[in-house]
Every structure is written in structure tokens, then in C-alpha cells.
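Here the structure comes first, spelled out in C-alpha cells, and everything after it is commentary.
Numbering (the working numbering), first residue to last: -9 to 257.
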């Protein structure tokens, strides 16, 4: 693989990472209640294959004082809302291509077997995965270490050469405890940047960026919820780029600045 790193595998969560879904349904069950159901011991048993779908909804109905059929309708609508995160899946495809087939990619999800059957009907590039592991098939769920050990044994990957991406901190912490490089998926962009740096060659990417943006390399401030990013057209960063690359075509320096640079012996 390119670059100076030694990461050869990535394990991705599916829900809220590679697939998005909505907890808003046209039923009497609120989004808040739906999330409570998803965090209940009964649902955990369902995800581990300890309960059938019908028994799960019946038990949840008793626990939350809801009609089992209404719970079924709510989850059916949640299933219908599932959509693949195509941009992120395209990144995974890009990383696999750059690795010349050496990068192995796996999915590891807390999901029941009935829900996984529905998920596989959704339009997505499932070919990017070398294998998909579900809690329903393993009989274990994250963050329990048994699920991680099951995946590591089945794949034969070396933990310290493996990246783990999940939207839940407790799941990432379990992965880290076994030696994996854990990344919490909160915002796609930092995760995208981290994966490119860990898997690809950041130096080559930097050179490509300089060539692609030659003569237009302004400084850009970080954006916040209150303030948008601002472009700053100044010479200091351009001088640093010129000194580091010795390539005047990679910077947008003004002619006086270039003369100053030459005068102090750096041309």
C-alpha cells in the first residue's frame, strides 16, 4: 500500500455511518420513544438473535404500553427511510482502488437478521465489503468484546493494522481496547480526511493539491456555525509554500514579494 503507514483493513459500522435513516414516522410513536426502544434490553436481545421479530414487538408493546402492530409499522417506516451514504461509500471504493486491492474492508453492525435482510435490498455498492458481520448472526453485539473477537478471528486481521469507524463512542472505545485504531464518526469530513491520511499518502495528495490549485492558494479560515469561512489573500503562506516546494508556479505571489524572496537568497 502507498504511504508510510501499515493499515491494511477497515471495519465500518453500518447504521448512521454508511446508511442514514429517519426516526420520524407517521405513527403515534415519537422519535424519542423509538430511540428508547432501540436502547432497550429487549431490542438488544432481538439484535443478538435471542428473540424473533414478532416476540420482540410483543414484548416491547408490554414494556412501553404500545400496540405491537404500531411498533411494527413504525419500524417498517424507519426501514423504508434507509438510504446509502453514497459519498462515503465512494470514498471507500477510492481507497480500495488506491491500495491496488490490498485494503480489506468489512462491515460490523448491531442489526437483527430480519432487519439485515431488508437492508440488503437497498441500493448500495455492497461489493466494497470483503465480508459483513451482524450481531444477529454472531449472537453478540457492540460494545461487547465478544463481537469484536468474533470478527477478528473470522477475518484474521491484525488489530494494530486495522481501523475501526463507528458513530458511538462506547463502540470505538471497545475497539481501541483490543488494539484497533478507533475513529468516532460524528462529522463525515474529519473522518474522510483521517482515512485518506491513514490509508493513502498525504505527501502525494498534497503535491496533487498544489498542482491542481497552482497560482490560487489563498489561506482559508475554518468555518463555524456563526461565521462562514473567509479567504485571505496574503503573501506569507505563499512564501512558505515557495520555500518548501521551490516551485514558484505553486504559489500566487505578487511580483514585489517574489523580488523580496529572491533578494534574501531563497530563489
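Where a beta carbon is used, it is the ideal one built from N, C-alpha and C, also for glycine.
### Message
Just verifying my parser: in three-state terms, what is the DSSP assignment at residue 74?
### Response
Taking the chain shown and counting its residues from 1, one reaches residue 74 at position 84. If DSSP states are grouped into helix, strand and coil, residue 74 belongs with the strands.
#### Entry: residue 264 vs residue 80 beta-carbon contact at 8 Å
With the chain running from -9 to 257 in the structure shown, residue 264 is simply not present.
### Task
Count the other CB atoms, across all protein chains shown, that sit within 10 Å of the CB of residue 230; report buried if there are 16 or more and exposed otherwise.
The residue you call residue 230 lines up with position 240 of the chain shown. By the neighbour-count rule (16 or more Cβ atoms within 10 Å), residue 230 is not buried but exposed.
### Message
Taking the beta strand (DSSP E) that residue 155 belongs to, which residues open and close that run?
### Response
Indexing the chain shown from 1 puts residue 155 at position 165. Run containing residue 155: 152 to 156, per the beta strand (DSSP E) assignment.
### Query
When DSSP labels each residue in this structure, what does residue 61 get in the three-state scheme?
Here residue 61 is taken as the residue at index 71 of the chain shown, counted from 1. The answer is helix: DSSP assigns residue 61 an H, G or I state.
### Message
Tell me the DSSP secondary structure of residue 204 in three-state form.
### Response
Along the chain shown, read from residue 1 onward, the residue named residue 204 stands at position 214. Residue state, collapsed to three classes: coil.
### Query
Using the C-alpha atoms, what's the distance from residue 41 back to residue 208?
In the chain shown, residue 208 corresponds to position 218, counting from 1. In the chain shown, residue 41 corresponds to position 51, counting from 1. Using only the alpha carbons, I get a separation of about 58 Å.
### Task
Mind reading off the beta-carbon distance from residue 210 to residue 219? Whole number of angstroms is fine, and I expect it under 8 Å.
Position 220 of the chain shown, counted from the first residue, corresponds to residue 210. Position 229 of the chain shown, counted from the first residue, corresponds to residue 219. Rounded, the Cβ-Cβ distance is 5 Å, consistent with contact.
### Query
Which residue from 120, 221 and 116 puts its Cα closest to that of residue 91?
Looking up residue 91 in the chain shown gives position 101. With distances taken between Cα atoms, residue 91 lies closest to 120.
### Task
Ignore the nearest five residues each way along the sequence and tell me which others in residue 34's own chain have a CB closer than 7 Å to its CB.
Walking along the chain shown from the start, residue 34 turns up at place 44. Cβ neighbours of residue 34 beyond the five flanking positions: 131.
### Query
Going straight from the alpha carbon of residue 53 to that of residue 118, what length do you get?
By 1-based counting over the chain shown, the position of residue 53 is 63. By 1-based counting over the chain shown, the position of residue 118 is 128. Roughly 39 Å between the two C-alpha positions.
#### Entry: Residues bridged to residue 97 (per DSSP)
Here residue 97 refers to the residue found at position 107 of the chain shown. Note: residue 97 sits in a beta bridge opposite 2 and 122.
### Message
Run through the DSSP bridge pairs and tell me what residue 222 is partnered with.
### Response
Within the chain shown, residue 222 is the residue found at index 232, counting from 1. Answer by DSSP bridge pairing, in chain order: 209.
### Message
Tell me the DSSP secondary structure of residue 10 in three-state form.
### Response
Reading the chain shown from its first residue, position 20 is the one you call residue 10. Note: residue 10 maps to strand in three-state DSSP.
### Task
Would you mind stating whether residue 64 and residue 24 have Cβ atoms separated by less than 8 Å?
Counting from 1 along the chain shown, the entry for residue 64 is found at position 74. Counting from 1 along the chain shown, the entry for residue 24 is found at position 34. Contact flag set, yes.
### Query
Is residue 174 helix, strand or coil by DSSP?
In the chain shown, the residue the question calls residue 174 occupies position 184. In the structure shown, residue 174 sits in a strand (DSSP, three-state: E or B).
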